[in-house]
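A.B. asks: Sharing a structure, written as structure tokens. Questions coming.
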Amino acid sequence: MKKSSVVLGLAVMLSMGLSVEEVAGLEHDRGVANTASDIDDWFEDEETDFPKKPSTDTEKVSDEVTDLFGDRTSDAGKDKPKASKPSKPTYSEDKKDEDWFYEEAEDVPRQSDKALSEEVEDLFAEDDDSKDAKKPSKEFPKTNPSVDKKVQELSDSIWQSEDFITRGDCLVGLSRKGVEKLGQTGHLVLPQKGTDGTVLRRVASFAFAPDKNTVIAEYTSRVGENGKVDRLDADGNVISTEGESINAYVLTKITIPEGYTHIGADAFADHKNVTEVVLPKTLTRISDYAFAHMALKSLSLPSEVTHIGDMAFFDNRLTGELVLPKTLTYLGERSFKSNRLQSVVFKGTSLKEIGEAAFQDNDLSQVHLPANLERIGKEAFTGNPGDDHYGNQVVLTTTDGKNPHHLKTEGAYVNPGKELQTAVAKIDYSRWVAEDFRYQDSVILGFSEKGIQKVRRLKKLDIPERNGEHVITEIAANAFRNVDFDQQSLRKYDLEEVFLPNSIQKIGDFAFQSNRIESLNLGEGVVEIGAGAFMNNRIGTLELPDSLQTIGDAAFHINHVSAIVVPPAVKQIGRSAFRQNGAQAILFLGKDVEEIGEMAFLSNALTTVDMTGLDKLEILSVQVFADNRLEKVELPPQLREIKEEAFRTNQLHRVQLPEKVEIIAFNAFTQNGKPGSTVEVMTAGEAESQLPDGEGHIINTAKLATNREVLTQLMTEMKAIDFSTLRTSTQQQFKDLLHQGEQLVAKKELRQGEQWQFIHTSRFFMGRLGLDCQMKLAETAMKDFTTSPNLALLQGKYVYAVRSYNNSALSAEQVSRLEKELSLLTGLVTGKGILAQATMVQGVHQFKSPLPLPEYYIGLNVYVDANGVILYILDRSESIGEGQKDTYGNPVLNIDEDNEGYHALAVATLQDYEGLSVEEIRTKELADMTQIRDVPKASYHRQAIFEAVKDAVKDWKGMSQPQASSENDKPSHEPNTASELPMKEKKAQQALSSTQGTSVSKVLPKTGTTSDSYWYGLGIAILAYLSAIVVKKRKDN
């Protein structure tokens, strides 16, 4: 039985004001990472200054954090290239697995960044309708018109110039006072004058961007055209960071009064619930991305608009007719991509060019082109249903029927004649029948050819209950996914409503991904919803059946679910399951939830959460409730651990812990309340807690430490450290720790959390002593052996060690491995280690994943001793493609951001090959080699690593006399350093023959052309919701 009363009850709560609390929309400024204040404040105490903290480096917080489909459109990491620049992977070999659903987060301050960077620098100086007929739809109560009127009057009256920050005639953002007013209304009305009386003409770029400073920092750090980095927006204006950030779901309407002429880049983008924007008649310029990723349903463009920038209205819900004004002279790339436009009217004759993909993915069938048009950009009309009479191509016509500029574009005909007409199949578009689908017994696989034709018009999908004698119980993976990765294109299903029969028990992975579903009826028998099944849709009201037990990773990621009701039988909620919905309420009906995945409820608008009934839940995962508006949290009774950033960016002031909590990540409660405030965390019972204070929380503010012996013992251990074996920066760090520890010992009133914070931090850095010693030896080798042909290998690993040093998520195994690698490569450079006596053979494998990922190359250096035993394998994949530039002069990356997480997981298996013989690798298959650890989340990449190893060892022929390497040795075949490897377009099998001696190199392939074309094609096909995969110019010189 469905929970209609529960959902309606939540709806009533919402309509009565759950979303309008005093602090609604406030997302305090995260700021640019690694600021001095952040570093100093971690241990801040009135009497004591503590050293810098370990970081989680939140892109590495857990081996299970993933982000293949992270929403780059609204997060800090959204990829809107300044000049079509490539995404830069974090320099990390331990980045999370598949990186499916991970949000790029700001770096956490590190041990001694300045000192470390200086050392590295010195070392490298040289170098809408419902299914009423089938089942009543449960809707939220209708809004009272009189209430609407009052809200409108309130919105018009409450906004004052002091609610905004202005500079001259430019509005740059909201003041803190203005943010607080969002607790009263979701209708933002801009002022006509600044506080100084100046008439306002412009809205600055990023003026109202959610998470403003993080987004700006990410954008301005990107390399622009020809490697240029600056703080200019798409129009050449300096980007201002002034103004507060606001929640992405609090605004519903925007009114821009008369007088404004310019809307800057990204000014209002990513406000997911904005359905209406009122533009002034004075407006002339709308810049790039200004209103992208919103929910606009209609648009009236002022008659004076001349410029509509790239992606200006990308990914909205615009329907019906779009009228472009007479004055329009520029229509940017993807400006109206991913809407529902049925008609486009060009009023003027001044427009010379329609930008690339400008009207891609709409509902167009015919368009009359403006006179004087000279060019239509690539893919401008692809992804539209087109005209049935012309093979579903969009029919483009000119006024006089002539085409002097030879206009043409993919997916369209210009002035087509009758010879291009095709027969129109007789299809009943009023209903779905069994013949419209493909089956495998009781599993529905997708549309039949007939169904593919029907879905062009019929967007309300009704799945049949039977396939002949078979009752349909399962919807296959990818069955109605709106992306065809094999063909690298959108399928253009664009389903708006889905009705499932009660017989359905399982919905496969990505079954309905990236459609336009607003209404969803799941039936009453669904037990499992697969990963990404309904990801990237527009579901507002969600009723999950009581039968449901498993909600897969990202199952409802990127929707508009306003209230989340978790049914009583649910045991598992996957990673990013309800991420980025704007949900304002959540209710757990049962007690069986055993696991809630990382980022499951990230980026919503929740204000309270009660988990006291979840007595089987022991861990709150990474970022599980981050980026909400939580004021109250009641934790599960059996909770043991709260992981990194679990409650980051909320409005919490006090949290009561249950009795069994043993671990709280140091940044679990960062950025709650006003800047500088901390969350008071209270432990249960009277016994002294060993939980440390954290970056954003204080443990038991009134409880003092009673056992100081553990502190005294720690101080004794630190004093016994041989500082001479450590790097200069680390020596100073431990001197500071000792000094601060002495202050704590002498302190009369020492809080429990304060003492244990110092202890935990000191223990963390003491656990890095072995790594630090090895880093110092590496430094010496790099200074003394500058001509070694293997120097670049050691330099690369050293830089990685520097960047990983403070990463608290690095496991003990990973730290130990890093120490070993530094030791091996140091010996290779000095000519005294085991690798100096080994033969190096190189393996290359071109990996084409069956997953929807770009292909890339895996390159390895495999070091083998005289007996054919593998000593060490070094991943060189990042070096492939080095030195190549794309069209805009930016570096070409071999390992793209979607493969990066998978690759990092698979690379961890390299150490398992050490000790195996060449003969074993040559004669066995991976399935037979139990020594190689299983990596379920990156199994395809694990196999690809094996293929690269196999490719390497086939060239090993043994050697009669080991030859020591030194700084003067040169490989007998090809150079060994990354910078010298020739990058030619060759497949993995086109390797050079091996030779006897210390190295056998291959010609590592050039990846630019292959990867670029694949990625561009994938960008056309991938989620219409994600701008990250779209290649476009955001910034010109």
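Using this note's numbering, you'd call the opening residue of the sequence shown number 263 and step up by one each time.
For glycine and all other residues, C-beta sits at the position ideal for the given N, C-alpha and C.
Going by DSSP, name the residue or residues bridged to His1001.
C.D. replies: The partner list for His1001 (beta bridge, DSSP) is empty, contrary to what the question assumes.
A.B. asks: How about Gln834 and Gly859: are their beta carbons less than 9 angstroms apart?
C.D. replies: Yes, these two residues count as a Cβ contact at 9 angstroms.
A.B. asks: Met861 lies in the alpha helix (DSSP H); which residues open and close that run?
C.D. replies: It is not in any alpha helix (DSSP H) - Met861 carries neither H nor E in the DSSP assignment.
A.B. asks: Quick one: is His1001 buried, meaning 16 or more other Cβ sit within 10 Å of its Cβ, or exposed?
C.D. replies: The residue in question, His1001, is exposed, as its Cβ has fewer than 16 Cβ neighbours within 10 Å.
A.B. asks: Whole angstroms is fine: what's the gap from Asp889's alpha carbon to Met861's?
C.D. replies: Using only the alpha carbons, I get a separation of about 10 angstroms.
A.B. asks: Met249 bridges to which residues according to DSSP?
C.D. replies: The shown model of the chain, from 263 to 1299, leaves out residue 249, and the question about it has no answer.
A.B. asks: Suppose you measure from the CA of Ser605 to the CA of Val539; what does that come to, to the nearest Å?
C.D. replies: Looking at the two C-alpha atoms, the distance is approximately 20 angstroms.
A.B. asks: Helix, strand or coil for Leu1136? Go by DSSP, reduced to three states.
C.D. replies: Leu1136: strand per DSSP, three-state reduction.
A.B. asks: Give me the Cα-Cα distance between Ala1210 and Val1103, rounded to the nearest whole angstrom.
C.D. replies: Each residue's alpha carbon lies about 11 angstroms from the other.
A.B. asks: Measuring CA to CA, which of Ser562, Asp577 and Asp756 is closest to Pro647?
C.D. replies: Ranking the options by Cα distance to Pro647, first place goes to Asp756.
A.B. asks: Could you check if Arg493 is buried or exposed, using at least 16 other CB atoms within 10 Å of its CB as the buried criterion?
C.D. replies: By the 10 Å Cβ count, Arg493 comes out exposed.
A.B. asks: State the DSSP-derived secondary structure class of Lys412, mapped to helix, strand or coil.
C.D. replies: Residue confidence for Lys412 is low, a pLDDT of 46 falling below 50, so the modelled location carries little weight and cannot support an answer.
A.B. asks: With Val567 and Pro587 assumed to form a contact (beta carbons below 8 angstroms), what rounded beta-carbon distance in angstroms separates them?
C.D. replies: The Cβ separation is near 5 angstroms, so the contact holds.
A.B. asks: Taking 9 angstroms as the threshold (C-beta atoms), are Gln1014 and Ala946 in contact?
C.D. replies: No, they are not a contact pair.
A.B. asks: If we count the other Cβ atoms within 10 Å of its Cβ and call it buried at 16 or more, is Arg334 buried or exposed?
C.D. replies: Residue placement at Arg334 is poorly supported in this model, since its pLDDT is 36, which falls under 50; the coordinates are not used for a value here.
A.B. asks: Quick check: what's the CA-CA separation for Lys1082 versus Tyr1202?
C.D. replies: Going from the Cα of Lys1082 to the Cα of Tyr1202 covers about 27 angstroms.
A.B. asks: Can you pull the DSSP bridge partners for Pro1153?
C.D. replies: Paired residue(s): Lys1147.
A.B. asks: Considering only C-alpha positions, which residue in the set Ala1128, Val657 and Ser560 is nearest to Phe575?
C.D. replies: For the residues Ala1128, Val657 and Ser560, the minimum Cα distance to Phe575 belongs to Ser560.
A.B. asks: Out of Glu971, Ser991 and Lys997, point me to the one whose CA is closest to Ala982's CA.
C.D. replies: With distances taken between Cα atoms, Ala982 lies closest to Lys997.
A.B. asks: Can you list, in chain order, the residues of its chain whose CB lies under 6 angstroms from that of Val871, leaving out five sequence neighbours each side?
C.D. replies: Once the five neighbours on either side are set aside, the close Cβ partners of Val871 are Ile848 and Val895.
A.B. asks: My assumption, with CB atoms under 8 angstroms, is that Lys609 sits in contact with Arg637. Please give the rounded CB distance.
C.D. replies: Incorrect: roughly 19 angstroms between the Cβ atoms, too far for contact.
A.B. asks: Please name the residue in Gly935, Ala685, Ala739 and Leu682 whose C-alpha comes closest to that of Phe709.
C.D. replies: Phe709 has its Cα closest to that of Ala739, out of Gly935, Ala685, Ala739 and Leu682.
A.B. asks: Is Thr1269 buried or exposed, if buried means 16 or more other CB atoms sit within 10 Å of its CB?
C.D. replies: With a pLDDT of 35 at Thr1269, under the threshold of 50, the predicted position of this residue should be treated as unreliable, though the coordinate-derived value follows. When all chains shown are included, Thr1269 counts as buried.
A.B. asks: Alpha carbons only, please: which of Met1191, Gln1193, Glu1162 and Asp1217 is nearest the one belonging to Lys1199?
C.D. replies: Of Met1191, Gln1193, Glu1162 and Asp1217, the residue nearest in Cα terms is Glu1162.
A.B. asks: Can you tell me whether Asp473 is buried or exposed, with buried defined as 16 or more other CB within 10 angstroms of its CB?
C.D. replies: Buried: at least 16 other Cβ atoms inside 10 Å.
A.B. asks: When the Cα of Gly814 is compared with those of Gln775, Glu711, Ala619 and Ala908, which residue comes out closest?
C.D. replies: Of the listed residues, the one whose Cα sits closest to Gly814 is Gln775.
A.B. asks: In this structure, how does DSSP classify Ser1141 when only helix, strand and coil are distinguished?
C.D. replies: Helix at Ser1141.
A.B. asks: Taking the alpha carbon of Lys222 as the point to measure from, which residue in Arg841, Gly836 and Val832 has its own alpha carbon closest?
C.D. replies: Because the chain in this structure spans residues 263 to 1299, residue 222 falls outside the shown range and cannot be described.
A.B. asks: Around the Cβ of Ile925, are there at least 16 other Cβ atoms within 10 angstroms (buried) or fewer (exposed)?
C.D. replies: So Ile925 counts as exposed.
A.B. asks: Please list, in chain order, all residues of the same chain as Phe931 whose beta carbon is under 6 angstroms from its beta carbon, the five residues on each side excluded.
C.D. replies: Excluding sequence neighbours, Phe931 sits near Phe909, Val941, Gly958 and His959.
A.B. asks: State whether the stretch 424-440 contacts the stretch 460-479, with contact taken as three or more CB pairs (one from each stretch) at a distance under 8 angstroms.
C.D. replies: Yes, since at least three Cβ pairs between the stretch 424-440 and the stretch 460-479 fall closer than 8 angstroms, the two stretches touch.
A.B. asks: Taking only heavy atoms of the ligand NAP into account, decide whether any of them is closer than 8 angstroms to the Cβ of Val1007.
C.D. replies: As for the ligand NAP, it is missing from this structure, which has no ligand bound.
A.B. asks: Quick one, which of Lys664, Ile791, Leu1080 and Val686 has its alpha-carbon nearest Gly679's?
C.D. replies: Among Lys664, Ile791, Leu1080 and Val686, the Cα nearest to that of Gly679 belongs to Lys664.
A.B. asks: Could you tell me which of Thr911, Pro898 and Pro937 sits nearest to Lys922, measuring between CA atoms?
C.D. replies: The shortest C-alpha separation from Lys922 is found at Pro898.
A.B. asks: If we require 3 or more residues per run, which beta strand (DSSP E) segments fall completely within the stretch 459-536?
C.D. replies: Correct list: 515-517.
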